[in-house]
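Everything in the sequence shown is counted per this note's numbering, starting at 84 for the first residue and increasing by one.
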Amino acid sequence: MKSQNPANLAALQEKATKLLAAKLGSAKINLIEKGTEMDAGSGKTVYRFKAAVQKSPNDPPASVYLTASGDEYAAAKMPATSLMIDSAKLKAAVADVAAITIDPLVNDLVLKEGDKFDETITVTVPANLVTPKADVYILADTTGSMSEEIASLKAGINSIVAAISGLGLDVAFGVGHYKDFPHDAPCFFHSLSPTGVMADINTAVNSLTVSGGSDIPEGQLFALDQIAKNPGNLIGWRNNAKKILVWFGDAPGHDPVCNSVSGIGYDITEASVTTDLQANKITVIAVSTTGGVGGLDGDPNGGGDYGACAPAGAAGQATRIAAATNGAFVDGVDATEITNIITESITATVSTINEIKLVPTGSTAPFVSSITPPSYGPLSSDVEHKLEFRVVFTGIQKCAEKEQEFFGTIDVVADGVTVAAKRVRIVVPPCEVKKRYTYVVRFIYGRQDAHGFGEKSVYRPGYYRTEIALHNDNADIAIVRRLLTVLVQAGATSGLNQVTTIAQMEGGGGLPINP
């Protein structure tokens, strides 16, 4: 049967959205399913809409039914056997701020232990996409040779913030700067956690002062270590924001920064910093200016004053760190170009997805046994991308007396930011009840009559009989087979020893259900 869509379907959806928002107690909802059902009793076509709260995908969704005229149709009137005859689902959610979509939007599965469910999930990344939420942390070299570059940053910070904010993303800016040991301990100075308040950003940038440095290499590896490790949430990265570090300076960094120099408790190297930046998903934009010796990629082993902490680095630090974090390196930047270069580099970074993957969450996550491929990227922003992931669910939960229900999501995560999600519900049915029968055996003793087979070997003298009572605990009639074997030994009957069978009698019947 074809879908029956009235001319006022948009109006129905608008009304349904309002009703669902009231049912869910939130104005921010995702319409996750719509379709038509037929009331088998009346033959009426009823329009069904289903939604969930945007920020609570694990909570149960709500549904409403509307007639073609827009009247609400009680769900209780819909029989359990009603058939969904239009399987169309929304490709994007209502009021969904993320442009990236996932299809299908919902998994509602029944899995016994050992069962498997295999599906293809399609993630669509539209062209001209920008990261929906980003934190940009500006890290400046403020040693003596950086006066022109710092002056340029102060003059251009308003333009940088305005340009990036104009891309349509939720962006916040933080500020920090570094100098060098041993003259400027602790070497790294955190000025401002990421914020969108322009007055605070201006205050932090305008407070930067140029001084110190002494030798050629500077202490940026210490600064990068602290930003990456973020002790005590020092930097204040916002939850679910892409982390972008804009680092600019005119000299390479001491490698290593020994514990004997920093007093931090461990040695810092380019390799350790790179590992920590990668682990915390921080993208580094390195801007090398022209005021110093060799720039950020210069030789870090010459002209140092760290004493017993012997230099062991190599030229090319900034290039390697930027590449390892899926960032960018820009060399030979004049002070007058700082504003434009920083703006262009941030724009390119928020317009590129380096890695996009599916991440199961909630109590349904253990049921996801494989996702193939594990990720895609990097993705350019000039074309639309349709990415297919093969996802296999496996029943891993043992059955119980009652049905078990699990809720979760499969999130689309781009560069550490969740940009879309699908709801997952898995039901584990109850264990099948095994057929059970109980019986009681009773021996009745009495006087032994003459029987003609010699003496009977019984538990005690006298005639006897055995009474067996069966109880049927099942919901259907049980078939009973009776088998009697007469055993003799030396001409006398016996039920105690292995003897020869001389006769066998058989019968049967139906055992009724016990109340």
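Idealized CB from N, CA, C, for every residue including glycine.
Values in this document were obtained by computation on a predicted structure and should not be read as measured data.
Run through DSSP, which three-state label would P339 get?
Judged by DSSP in its simplified three-state form, P339 adopts coil rather than helix or strand.
Is S453 helix, strand or coil by DSSP?
In the structure shown, S453 sits in a strand (DSSP, three-state: E or B).
Pairwise C-alpha distance: A210 and G396 | If you draw a straight line from the Cα of G396 to the Cα of A210, it is about 41 Å long.
**Q.** Distance between T492 and K101 (C-alpha atoms, nearest Å)
**A.** Counting only the Cα atoms, T492 lies some 25 Å from K101.
Closer than 6 Å by C-beta to I439: which residues in its own chain qualify, once you throw out the five before and the five after it? Chain order, please.
Same-chain partners within the cutoff: Y459, G460, A497.
- Query: When you compare each of P215, V510, V416 to G249 by their alpha carbons, which one comes out closest?
  - Reply: Nearest to G249 by alpha-carbon distance, out of P215, V510, V416, is P215.
Evaluate T286 with the Cβ neighbour count: other Cβ atoms within 10 Å of its Cβ, from every protein chain shown; 16 or more gives buried, anything less gives exposed. Exposed: under 16 other Cβ atoms inside 10 Å.
Open item on the list: Considering only DSSP beta bridges, list what F412 is partnered with.
Closed with: Answer by DSSP bridge pairing, in chain order: A369.
Task: Whole-angstrom distance between P443 and T164, CA atom to CA atom - done: Confidence in T164 is poor, its pLDDT being 33 and thus under 50, which makes the residue's placement unreliable; the coordinate value appears in the next sentence. Near 32 Å, if we compare the C-alpha coordinates of P443 and T164.
Beta-carbon proximity check, F476 vs I204, cutoff 7 Å | Not in contact: F476 and I204 (Cβ atoms no closer than 7 Å).
Just to confirm, are V193 and V510 a CB contact at a threshold of 7 Å? A contact, by the Cβ cut-off of 7 Å.
Does the beta-carbon of S170 have 16 or more other beta-carbons within 10 angstroms, so that it is buried, or is it exposed? Low per-residue confidence applies at S170: pLDDT is 30, beneath 50, and the placement is therefore not dependable, though the value from the model is reported in the following sentence. Classification of S170: exposed, given that the 10 Å Cβ count is below 16.
What residue range does the alpha helix (DSSP H) around F271 cover?
Premise fails: F271 lies in the beta strand (DSSP E), 271–278, not in any alpha helix (DSSP H).
Completely contained beta strand (DSSP E) runs for the segment 209–292, where each covers 3 or more residues
Fully enclosed beta strand (DSSP E) runs of 3 or longer: 216–224, 253–261, 271–278.
Q: Check whether the segment 477–486 touches the segment 418–434, taking contact to mean three or more Cβ pairs, one atom from each stretch, closer than 8 Å.
A: The answer is no - the segment 418–434 does not touch the segment 477–486, with fewer than three Cβ pairs under 8 Å.
| query | Using a Cβ-Cβ cut-off of 6 Å (strictly less than) and excluding sequence neighbours within five positions of D308, which residues of its own chain qualify? | reply | Closer than 6 Å at Cβ, skipping near neighbours: I351, V356.
Indicate whether G227 and G296 have their beta-carbon atoms separated by less than 7 Å. Against a cut-off of 7 Å, the Cβ pair of G296 and G227 comes out as a contact.
Quick one: grab the DSSP three-state call for D191. DSSP places D191 in strand when its eight states are reduced to three.
Exercise. If we ignore side chains and look at the alpha-carbon of each, how far apart do T435 and L462 end up?
Worked result: So the two alpha carbons sit approximately 6 Å from each other.
Tell me the residue span of the alpha helix (DSSP H) that contains E438. Note, E438: premise wrong, no alpha helix (DSSP H); not H, not E.
Review point. What residue range is occupied by the uninterrupted beta strand (DSSP E) comprising I318?
Key: Counted as a single uninterrupted DSSP element, the stretch harbouring I318 is not any beta strand (DSSP E), since DSSP gives it neither H nor E.
As a quick exercise: from L379, W330, N384, F450, pick the residue whose alpha carbon is nearest that of L360. Checked all of L379, W330, N384, F450; the closest Cα to L360 is W330.
_For T292, count the other beta carbons within 10 Å of its own beta carbon; 16 or more makes it buried, fewer makes it exposed. Which is it?_
T292 is exposed by the Cβ-count criterion.
Original post:
Helix, strand or coil for Q137 per DSSP?
Top reply: It is coil, neither helix nor strand.
Check your understanding: Do A134 and L103 have their C-beta atoms within less than 7 Å of each other?
Key -> Going by beta carbons, A134 and L103 fall inside the 7 Å limit.
- prompt: Around the C-beta of Y542, are 16 or more other C-beta atoms found within 10 angstroms, so that it is buried, or is it exposed?
  reply: Caution applies to Y542, whose pLDDT of 46 falls short of 50 and renders its modelled position unreliable; the value that the coordinates give is listed next. So Y542 ends up on the exposed side.
- Query: Where N363 and A311 are concerned, what is the direct C-alpha to C-alpha distance, given to the nearest angstrom?
  - Reply: When rounded, the distance between both Cα atoms is 6 Å.
* Per-residue burial, D218 [other beta carbons within 10 Å of its own, 16 or more giving buried] -> Label assigned to D218: buried.
Check D465 in the structure and name its three-state DSSP category. Correct three-state label for D465: coil.
Practice prompt. Return the bridge partner residues of Q487 from the DSSP annotation.
Written response: Paired residue(s): V511.
For G346, count neighbouring Cβ atoms within 10 angstroms of its own Cβ and tell me buried if that reaches 16, exposed if not. When all chains shown are included, G346 counts as exposed.
Requested in this report: Compare the C-alpha of P300 against each of N423, G336, T373 and name the closest.
Outcome: Nearest C-alpha to P300: G336.
**Item:** Counted within 10 angstroms of its Cβ, other Cβ atoms place I562 as buried (16 or more) or exposed
**Value:** I562 counts as exposed, since fewer than 16 other beta carbons sit within 10 angstroms of its beta carbon.
Sequence-distant residues of the same chain with beta carbon closer than 6 Å to K106, five excluded per side: Cβ-Cβ distances below 6 Å link K106 to A145 in the same chain, with the five nearest sequence neighbours on each side left out; the list follows chain order.
* Please state if the CB of I421 and the CB of S235 are separated by a distance shorter than 7 Å. => It is a contact, given that the beta carbons lie within the stated cut-off.
Exercise. Between A223 and G302, what straight-line distance do the alpha-carbon atoms span, to the nearest angstrom?
Worked result: Taking the straight line from one Cα to the other gives about 11 Å.
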